[in-house]
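A short worksheet on the structure shown next.
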Amino acid sequence: MTNSRLTSLRRDKRNGILGSTIPILVFLLSMFCVTQNTWAQCAPVCKHVQVSLDQNCEATIRTGTILDSSGCMNGDFIVELFYDQALTMPVPTSPVIGRSELGQIVARVRDQISGNSCWSFIQVEDKLGPTLICTDDTVGCFDTPSFPPPVATDNCFNPSEIDIDIIGVVDSLIECDPQFLKKSIVTFLATDGSGMTAQCDRTFFVERIDTSLIEFPDDRTTLNMMELSCDIDYDLDNDGVLDWELVGFVTYDGDTLAPGNYPECRVTVSFEDTDFGTINCRRKLMRVWTV
Numbered sequence: 019m020t021n022s023r024l025t026s027l028r029r030d031k032r033n034g035i036l037g038s039t040i041p042i043l044v045f046l047l048s049m050f051c052v053t054q055n056t057w058a059q060c061a062p063v064c065k066h067v068q069v070s071l072d073q074n075c076e077a078t079i080r081t082g083t084i085l086d087s088s089g090c091m092n093g094d095f096i097v098e099l100f101y102d103q104a105l106t107m108p109v110p111t112s113p114v115i116g117r118s119e120l121g122q123i124v125a126r127v128r129d130q131i132s133g134n135s136c137w138s139f140i141q142v143e144d145k146l147g148p149t150l151i152c153t154d155d156t157v158g159c160f161d162t163p164s165f166p167p168p169v170a171t172d173n174c175f176n177p178s179e180i181d182i183d184i185i186g187v188v189d190s191l192i193e194c195d196p197q198f199l200k201k202s203i204v205t206f207l208a209t210d211g212s213g214m215t216a217q218c219d220r221t222f223f224v225e226r227i228d229t230s231l232i233e234f235p236d237d238r239t240t241l242n243m244m245e246l247s248c249d250i251d252y253d254l255d256n257d258g259v260l261d262w263e264l265v266g267f268v269t270y271d272g273d274t275l276a277p278g279n280y281p282e283c284r285v286t287v288s289f290e291d292t293d294f295g296t297i298n299c300r301r302k303l304m305r306v307w308t309v
């Protein structure tokens, strides 16, 4: 009887051990299967997007920017940006982008828990045009029509990289004004490196010529030792008139004022010669300049 009880006790112990082990194994297997199933269901979906750079020429790509949907419960996502679809050339400032990323780049959203990921294209654009500061200014009539451009700034490009063109000029004459000849309203068009544009109108008051800045050529006489030698063949025009560049010309503020019309200043420059012939072995010519 003693042996019989011992045998029965061992069976009970064995049964007890087996009875407690089976539920534990089933529980562990169930936990493992549920985890594997959760990871399998974690399939993020990305979407192609367009992103515009801000006034600082920057943008931050966040998970919500490109993640369309996700079955990853409690997922821990990160955004990684690349220049190539093979994902071998990362953007060094990721997830922040700027001027260097203008165009198309590739974004990948990855769940750091499951390792699952998706990718998409991002079209990076600069949609902000230049900013122009157009203030009134004064210019001399001889400086027109090359009006000085306005100050231009841009969110992504340096001032030297902005093209500024004149696309229109409207002139209004100012009669009987001792200082100004006319008013010109000039329309400027600025274009940045992204092709974005801006324009503005700038008013210029055009000054009349300052007659005190006009200088006439000196006499060419023996008295001032500037006479012309009779032994030299001087250039003559078709009418036999001495070349004005050779014997002297009018200047305005140090610049040559050749004979002709200057409509921008409403000025005409001309000369007329009077030949007195030969007197005391000298030929005398008087040239009268008129401005």
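First residue of the sequence shown: 19, per the numbering used here; consecutive thereafter. Just so you know, even glycine gets a beta-carbon here, dropped at the ideal spot from N, CA and C.
Report task. Take the Cβ of residue 293 as the centre, count every other Cβ of all protein chains shown within 10 Å, and call the residue buried at 16 or more, exposed below. Result -> Around the CB of residue 293, fewer than 16 other CB atoms lie within 10 Å, so the residue is classed as exposed.
Query - Contact set for residue 262: own chain, Cβ-Cβ below 7 Å, skip 5 residues either direction - result: The beta carbon of residue 262 lies closer than 7 Å to those of 277 and 289 in the same chain, with the five residues before and after it left out.
Requested in this report: Could you tell me the boundaries of the alpha helix (DSSP H) in which residue 84 lies?
Outcome: Per DSSP, residue 84 belongs to the alpha helix (DSSP H) from 81–84.
Report task. Going by CA-CA distance only, name the one from 248, 307, 84 and 200 that's closest to residue 163. Result -> For the residues 248, 307, 84 and 200, the minimum Cα distance to residue 163 belongs to 200.
Report task. Would you kindly report the start and end of the unbroken alpha helix (DSSP H) that includes residue 119? Result -> For residue 119, no alpha helix (DSSP H) run applies, since DSSP gives it neither H nor E.
**Report entry** Rounded straight-line distance, which links the Cα of residue 80 to that of residue 92
**Finding:** One C-alpha to the other measures close to 17 Å.
**Report entry** residue 225 - partner residues in DSSP beta bridges
**Finding:** Checking the DSSP bridge columns, you'll see residue 225 partnered with 158 and 198.
Query raised in the report: Would residue 63 be called buried (16 or more neighbouring beta carbons within 10 Å of its own) or exposed?
Result: It counts as exposed.
Query raised in the report: Bridge partners of residue 206, per DSSP?
Result: Paired residue(s): 184 and 218.
Query - Stretch pair the region 215–233 + the region 189–206: three plus CB contacts closer than 8 Å - result: Enough Cβ pairs lie closer than 8 Å, so yes.
Query raised in the report: Which residues bound the beta strand (DSSP E) around residue 268?
Result: Judged by DSSP secondary structure, residue 268 falls within the beta strand (DSSP E) whose first and last residues are 268–270.
**Report entry** Alpha-carbon to alpha-carbon, residue 233 and residue 270
**Finding:** The straight-line gap from Cα to Cα measures roughly 6 Å.
Query raised in the report: What residue range is occupied by the uninterrupted beta strand (DSSP E) comprising residue 290?
Result: For residue 290, the enclosing beta strand (DSSP E) starts and ends at 285–297.
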